[in-house]
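Visitor: In the order they appear, the protein sequences are chains C and P.
Be aware that the first sequence starts at 1, since it is given in the numbering used here, and climbs by one per residue.
Be aware that the second sequence starts at 370, since it is given in the numbering used here, and climbs by one per residue.
Here a beta-carbon is modelled for each residue, glycine too, at the ideal position from N, C-alpha and C.
Given the structure is predicted, the values throughout are model-derived calculations rather than measurements.
Please read through the structure below; I'll follow up with questions.
Protein chains: 2
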Amino acid sequence: MPSRPARPRLEDVASRAGVSTASASLVLRGRPGPGAATREAVLDAARELGYRADRTASLLARRRTQLLGVTMDVSSTFHAELLEDLQAAADERGYDIVVSPQTRTRDERRAIESLLDFRCEALLLLGPRLPDAELAALAEEQHVVAVGRRARATGVDVVRAADDAGVGLAVEHLVGLGHRDIAFVDGPRGPIATLRRQGYRRAMKRLGLADEMLVVDGGGDEESGASAAAALPLALPPEPSRGHAAPLSGPRKATSGRSRMPSAVVAFNDRAALGLLDRLRRNGVDVPGDVSVVGYDDSFIARLATVDLTSVSQIPEAMATAAVEAATQRLDEGRTEPIELVLEPQLVVRGTTAPRGDRTTRGGGIREP
Amino acid sequence: MPSRPARPRLEDVASRAGVSTASASLVLRGRPGPGAATREAVLDAARELGYRADRTASLLARRRTQLLGVTMDVSSTFHAELLEDLQAAADERGYDIVVSPQTRTRDERRAIESLLDFRCEALLLLGPRLPDAELAALAEEQHVVAVGRRARATGVDVVRAADDAGVGLAVEHLVGLGHRDIAFVDGPRGPIATLRRQGYRRAMKRLGLADEMLVVDGGGDEESGASAAAALPLALPPEPSRGHAAPLSGPRKATSGRSRMPSAVVAFNDRAALGLLDRLRRNGVDVPGDVSVVGYDDSFIARLATVDLTSVSQIPEAMATAAVEAATQRLDEGRTEPIELVLEPQLVVRGTTAPRGDRTTRGGGIREP
DNA sequence: CGCTCGTTTTAAAGCGCTTTAAGTTACGAT
DNA sequence: ATCGTAACTTAAAGCGCTTTAAAACGAGCG
């Protein structure tokens with residue numbers, strides 16, 4: 001039970017050190033001014049009293065709060081990773097982070113309101129779903145950085161990865177392994193999926209595989225990926241029979257209007273890829289022996305030894321650093337023109353991709369260390 | 370670019386409404402006192418000005434901050450779920466939540482410090498790893514609620530699920546399905562694993578299956594679960610051959626000193642169960658045909674249609690509500706004696722458990738709606 | 001020595017809101 | 001009319017810290 005013995009105030013430290021609160025304040029924040037003797041006295045007093053500044057009071061007195069507000073989707077592992085790096089980057093620049101999770105019962109608007117109440121100096125929105133108009137409106141009152149999403153809203157900074165190029169990397173990798181029939185499992189409607197699909201189409205055309213293009217409906221989660229498996233001309237039974245399924249009995253005409261069976265699939269993201277993988281394997285399709293699969297996000301799950309999914313990384317560290325950088329540029333360096341920073345994604349080759357038709361060799365290309 | 374047009378202060382609202390700041394403050398916080406006319410005038414003025422109180426100033430002036438600090442492990446989906454419910458529960462009681470994530474580069478201590486700086490009135494620690502002594506020390510200065518972990522630290526409130534009973538439920542379920550050889554995949558050293566293991570042992574004894582007990586080393590993640598598969602006398606090849614493995618060729622003597630093959634496995638948590646599942650299936654073992662598997666946590670991942678794992682739920686909603694309740698009891702109702710709240714977990718039956726030796730029927734018992 | 005200048009220290013004025021105690025008003029009761 | 005009281009309203013004192021403007025103190029100099 002906290003006895004709340006009136007936690008020490010700055011005044012207590014000051015009087016104990018025999019100086020004014022002004023000097024004490026200066027010393028404790030490491031500002032120049034006070035002489036060596038004063039300095040030491042204050043520091044000692046503070047230590048002895050176990051003093052810790054009341055942030056609320058500091059914030060009120062200071063004009064600045066040095067607070068960056070971050071909205072995130074708690075259920076997204078990608079956001080969780082970003083958060084880690086954001087925290088580190090902010091720390092380095094002397095900022096603190098307030099995170100405001102959005103949940104089923106607490107939408108993005110609500111999350112943002114909460115951040116405004118905290119008087120954050122800039123808002124970093126991870127994968128915001130707010131319409132551009134609203135983003136733009138918000139940007140008139142606050143510094144806002146949209147992370148991981150393309151945004152055509154005036155005034156907001158954007159830090160994102162070149163998703164089209166990322167999918168391009170995946171396609172090139174597969175083509176390098178001899179694949180030609182490469183399908184794409186689409187994501188949920190939105191700017192991100194559009195861009196990734198575009199990347200797929202362009203890459204296929206560029207590599208002379210325009211005729212082999214196949215985009216099937218999907219989504220952003222495991223279930224969508226699993227159901228996408230059914231839509232692929234992969235000779236799967238209509239309903240998945242769990243357990244000992246008969247091994248792949250050869251290509252069979254599918255409903256999708258294309259008869260050739262893809263030997264490789266690029267999925268919208270890792271979660272979809274995971275669902276797809278699971279469904280394929282349960283149906284006796286060997287990955288990567290029969291089909292190679294590439295995900296997107298290089299999420300935690302892709303890296304698991306038991307999953308070992310080849311994936312495209314959005315390099316969260318770089319994104320986080322860039323996002324914080326964007327915010328501090330505005331706050332500390334007076335930048336006023338919005339910027340859009342597009343980072344180049346990286347392909348991380350793991351065990352779900354192999355040379356075409358190769359039923360024994362696993363993987364290919366550079367393996368992660 | 371934020372033009373920062375001097376956001377309106379309470380004084381602005383007050384003068385526009387033609388009243389004092391005192392009245393305005395009262396009205397805006399819905400406190401009794403001001404008459405209807407004043408009320409309306411203030412509300413109108415506030416609306417017109419787009420006024421929003423400066424939380425920092427409010428906090429400073431009020432003695433209370435109405436803030437609950439939560440530490441969590443961002444990478445834990447269980448924590449993410451808890452957070453959702455915590456947020457809702459806190460909201461209901463007029464508290465706000467500050468979350469302080471712990472990451473690789475920011476340990477629990479650091480996370481707590483940050484919360485203290487925010488002047489939180491109580492600390493809710495999700496699955497704290499701090500040693501009991503440190504918890505106890507913290508509890509002398511602050512109200513602290515340890516969530517999801519047993520703690521023998523004086524002064525801290527504890528809200529957790531009866532993990533031993535939870536594992537008991539799993540065992541009973543399996544026995545009800547005719548299983549007798551039920552193995553347990555252990556978790557990482559710590560109070561949680563100890564309790565669950567205990568639950569397993571007791572249940573087995575209670576059901577007259579003391580001789581069939583088998584505990585194998587495991588851990589808290591997918592990899593540990595996968596490697597546990599090797600330690601089970603399940604006739605698995607020493608190295609997992611990915612892809613088309615020969616189907617299970619019958620019981621084979623294993624290294625573990627017990628020859629009978631378990632027909633069911635209870636894993637320390639869902640992640641371990643997942644690794645185990647994956648390894649088993651890749652080796653041609655049918656789940657639940659050959660072996661039933663039960664996880665723990667009823668995490669997001671267990672619920673995925675593609676995973677559909679029978680699991681024990683720690684009922685996060687109840688835990689979250691109880692945790693917030695514990696905090697508010699201390700803050701608002703003057704409770705000073707520490708409490709330990711032990712919630713009864715629930716078994717959620719899904720598709721990874723089936724009657725023993727039943728290679729066709731899936732599941733058993735009550736299915737989730 | 002008296003004066004100027006640079007360095008160190010501090011008194012005091014807030015930051016924007018809450019709250020207490022005192023002040024008004026209005027009104028029915030005496 | 002007069003008083004008491006209930007119902008509002010408000011002036012003013014902080015909350016704990018930062019910061020500005022001015023004071024204090026020496027040192028250096030003519």
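#1: Comparing C-alpha positions only, which one of C:191, C:322, C:209 sits nearest to residue 220 of chain C?
#2: Rounded to whole angstroms, what is the Cα-Cα separation between residue 327 of chain C and residue 460 of chain P?
#3: For residue 197 of chain C and residue 264 of chain C, I'd like the C-alpha separation in whole angstroms.
#4: Within a Cβ cutoff of 7 Å, which residues of the same chain sit near residue 150 of chain C, ignoring the five residues on either side of it in sequence?
#5: Under a CB-based cut-off of 8 Å, is residue 443 of chain P close to chain C?
#6: On a Cα-Cα basis, can you pick out the residue from P:718, P:670, P:672, P:486 that is closest to residue 439 of chain P?
#7: Give the straight-line distance between the Cα atoms of residue 370 of chain P and residue 397 of chain P, rounded to the nearest whole angstrom.
#8: Can you pull out the residues from the segment 542 to 570 of chain P whose beta carbon lies closer than 8 Å to at least one beta carbon of chain C?
#9: Using three-state DSSP, classify residue 717 of chain P as helix, strand or coil.
#10: Does the distance from the CB of residue 262 of chain C to the CB of residue 211 of chain C come in under 8 Å?
#11: Within its chain, find whatever has a CB closer than 7 Å to the CB of residue 539 of chain P; leave out the 5 residues flanking it on each side and keep chain order.
#12: What's the C-alpha gap between residue 19 of chain C and residue 47 of chain C?
#13: Just to confirm my understanding: we take residue 272 of chain C, look at its own chain, exclude 5 residues before and 5 after, and list those with CB closer than 8 Å. What are they?
#14: Express the C-alpha separation of residue 54 of chain C and residue 31 of chain C in angstroms, rounding to a whole number.
#15: Could you compute how far the alpha carbon of residue 453 of chain P sits from the alpha carbon of residue 105 of chain C?
#16: Can you find a C-beta in chain C that's less than 8 Å from the C-beta of residue 593 of chain P?
#17: Looking at the structure shown, is residue 723 of chain P part of a helix, part of a strand, or coil, going by DSSP?
#18: Alpha carbons only, please: which of C:122, C:231, C:79, C:213 is nearest the one belonging to residue 64 of chain C?
#19: Would you call the segment 327 to 346 of chain C in contact with the segment 275 to 290 of chain C, where contact means no fewer than 3 C-beta pairs closer than 8 Å?
#20: In angstroms, rounded to a whole number, what distance separates the CA positions of residue 606 of chain P and residue 288 of chain C?
#21: Which chain P residues sit within Cβ distance under 8 Å of residue 158 of chain C?
#22: Within the continuous alpha helix (DSSP H) that includes residue 75 of chain C, where are the two ends?
#23: Which residues does DSSP pair with residue 693 of chain P in a beta bridge?
#24: Do you know offhand how far residue 43 of chain C's Cα is from residue 496 of chain P's?
#25: Taking all protein chains shown into account, decide if residue 45 of chain C is buried (16 or more other Cβ within 10 angstroms of its Cβ) or exposed.
#26: Give me the residue from P:694, P:683, P:712 with the minimum Cα distance to residue 447 of chain P.
#27: If I measure Cβ to Cβ from residue 450 of chain P and keep anything under 8 Å in the same chain, skipping five residues before and after, which residues do I get?
#28: What first and last residue would you give for the alpha helix (DSSP H) that runs through residue 560 of chain P?
#29: Compute the Euclidean distance between the alpha carbons of residue 577 of chain P and residue 678 of chain P, then round it to the nearest angstrom.
#30: With DSSP as the reference, please indicate the residues paired to residue 665 of chain P in a beta bridge.
#31: Which parts of the segment 477 to 518 of chain P are runs of the beta strand (DSSP E), unbroken and 3 residues or longer, counting only runs that do not cross its ends?
#32: Name, please, each residue of chain C whose Cβ falls closer than 8 Å to the Cβ of residue 669 of chain P.
#33: Given this structure, state the Cα-to-Cα distance separating residue 443 of chain P from residue 324 of chain C, to the nearest angstrom.
#34: Determine whether the Cβ of residue 119 of chain C lies closer than 8 Å to any Cβ atom of chain P.
#35: Does the beta-carbon distance from residue 739 of chain P to residue 725 of chain P come in below 8 Å?
#36: Since residue 453 of chain P meets chain C, which of its residues come closer than 9 Å, beta carbon to beta carbon?
Guide: On the basis of the data shown:
#1: Taking the first residue of the first sequence as position 1, residue 220 of chain C is located at position 220. Considering only alpha carbons, the answer is C:191.
#2: Within the first sequence, residue 327 of chain C is the residue found at index 327, counting from 1. Within the second sequence, residue 460 of chain P is the residue found at index 91, counting from 1. Near 30 Å, if we compare the C-alpha coordinates of residue 460 of chain P and residue 327 of chain C.
#3: Residue 197 of chain C sits at position 197 when you count from the first residue of the first sequence. Residue 264 of chain C sits at position 264 when you count from the first residue of the first sequence. Each residue's alpha carbon lies about 16 Å from the other.
#4: Counting from 1 along the first sequence, the entry for residue 150 of chain C is found at position 150. 158, 160, 191, 195.
#5: Counted from its first residue, the second sequence places residue 443 of chain P at position 74. Yes, its Cβ sits closer than 8 Å to a Cβ of chain C.
#6: Numbered from its first residue, the second sequence carries residue 439 of chain P at position 70. Checked all of P:718, P:670, P:672, P:486; the closest Cα to residue 439 of chain P is P:486.
#7: Counting from one through the second sequence, the residue named residue 370 of chain P turns up at place 1. Counting from one through the second sequence, the residue named residue 397 of chain P turns up at place 28. Only weak support exists for where residue 370 of chain P lies, its pLDDT of 46 falling under 50; the value from the coordinates is given anyway. It is roughly 29 Å from the alpha-carbon of residue 370 of chain P to the alpha-carbon of residue 397 of chain P.
#8: none
#9: The residue labelled residue 717 of chain P in the question sits at position 348 within the second sequence. Here residue 717 of chain P sits in strand by DSSP.
#10: Position 262 of the first sequence, counting from 1, holds the residue named residue 262 of chain C. Position 211 of the first sequence, counting from 1, holds the residue named residue 211 of chain C. Going by C-beta atoms, residue 262 of chain C is not nearer than 8 Å to residue 211 of chain C.
#11: Residue numbering aside, residue 539 of chain P sits at position 170 when the second sequence is read from its first letter. Correct list, in chain order: 635, 663, 681, 716.
#12: Translated into positions along the first sequence, residue 19 of chain C becomes position 19. Translated into positions along the first sequence, residue 47 of chain C becomes position 47. Distance between the alpha carbons of residue 19 of chain C and residue 47 of chain C is about 15 Å.
#13: Mapped onto the first sequence, residue 272 of chain C falls at position 272. Beyond the five residues adjoining it in sequence on each side, residue 272 of chain C comes within less than 8 Å, by CB distance, of 185, 187, 218, 219, 220, 221, 222, 224, 225, 228, 295 in the same chain, given in chain order.
#14: Counting from one through the first sequence, the residue named residue 31 of chain C turns up at place 31. Counting from one through the first sequence, the residue named residue 54 of chain C turns up at place 54. For residue 31 of chain C and residue 54 of chain C, the distance between alpha carbons rounds to 18 Å.
#15: Against the second sequence, residue 453 of chain P aligns to sequence position 84. Against the first sequence, residue 105 of chain C aligns to sequence position 105. Between residue 453 of chain P and residue 105 of chain C, the C-alpha separation is close to 8 Å.
#16: Locating residue 593 of chain P in the second sequence gives position 224, counting from the first residue. By the rule that beta-carbons nearer than 8 Å mark a contact, residue 593 of chain P does not touch chain C.
#17: Within the second sequence, numbered from 1, the residue matching residue 723 of chain P stands at position 354. Of the three classes helix, strand and coil, the one that applies to residue 723 of chain P here is coil, per DSSP.
#18: Working through the first sequence from its first residue, we reach residue 64 of chain C at position 64. Put simply, of C:122, C:231, C:79, C:213 the residue whose alpha carbon is nearest the alpha carbon of residue 64 of chain C is C:122.
#19: no
#20: If you number the second sequence from 1, residue 606 of chain P lands on position 237. If you number the first sequence from 1, residue 288 of chain C lands on position 288. Unreliable placement is indicated for residue 606 of chain P, whose pLDDT of 49 sits below 50; the coordinate value is still reported in the next sentence. In this structure, the straight-line span from the alpha carbon of residue 606 of chain P to that of residue 288 of chain C is close to 20 Å.
#21: For this step, residue 158 of chain C is matched to residue 158 along the first sequence. Ordered by position in chain P, no residue passes the 8 Å Cβ test against residue 158 of chain C, which lies about 15 Å from the chain.
#22: Mapped onto the first sequence, residue 75 of chain C falls at position 75. Neither: residue 75 of chain C is in no alpha helix (DSSP H) and is coded neither H nor E.
#23: On the second sequence, residue 693 of chain P is found 324 positions in, with the first residue counted as 1. In the DSSP output, where bridge partners are listed per residue, residue 693 of chain P has none listed.
#24: As a position in the first sequence, residue 43 of chain C is number 43, starting the count at 1. As a position in the second sequence, residue 496 of chain P is number 127, starting the count at 1. Cα to Cα, the separation comes out at about 35 Å.
#25: Residue 45 of chain C sits at position 45 when you count from the first residue of the first sequence. Flag for residue 45 of chain C reads buried.
#26: Translated into the one-based positions of the second sequence, residue 447 of chain P becomes position 78. Nearest option by C-alpha distance: P:683.
#27: For the purposes of this step, residue 450 of chain P is taken as residue 81 along the second sequence, with counting starting at 1. Contacts found: 668, 669, 685.
#28: Numbered from 1 along the second sequence, position 191 holds the residue referred to as residue 560 of chain P. First-last of the alpha helix (DSSP H) with residue 560 of chain P: 560 to 575.
#29: Counting from 1 along the second sequence, the entry for residue 577 of chain P is found at position 208. Counting from 1 along the second sequence, the entry for residue 678 of chain P is found at position 309. Distance between the alpha carbons of residue 577 of chain P and residue 678 of chain P is about 26 Å.
#30: Walking along the second sequence from the start, residue 665 of chain P turns up at place 296. DSSP, once it has assigned bridges, lists P:681 as partnering residue 665 of chain P.
#31: 491 to 495, 512 to 516
#32: On the second sequence, position 300 is the one that residue 669 of chain P refers to. Within 8 Å Cβ-Cβ: 75.
#33: Taking the second sequence and counting its residues from 1, one reaches residue 443 of chain P at position 74. Taking the first sequence and counting its residues from 1, one reaches residue 324 of chain C at position 324. Residue 443 of chain P and residue 324 of chain C: Cα-Cα distance of roughly 19 Å.
#34: Counting from one through the first sequence, the residue named residue 119 of chain C turns up at place 119. Cβ-Cβ to chain P under 8 Å: yes for residue 119 of chain C.
#35: No statement about residue 739 of chain P is possible, as the shown extent of chain P runs from 370 to 738 and does not include it.
#36: Numbered from its first residue, the second sequence carries residue 453 of chain P at position 84. Within 9 Å Cβ-Cβ: 74, 75, 101, 103, 104, 105, 106.
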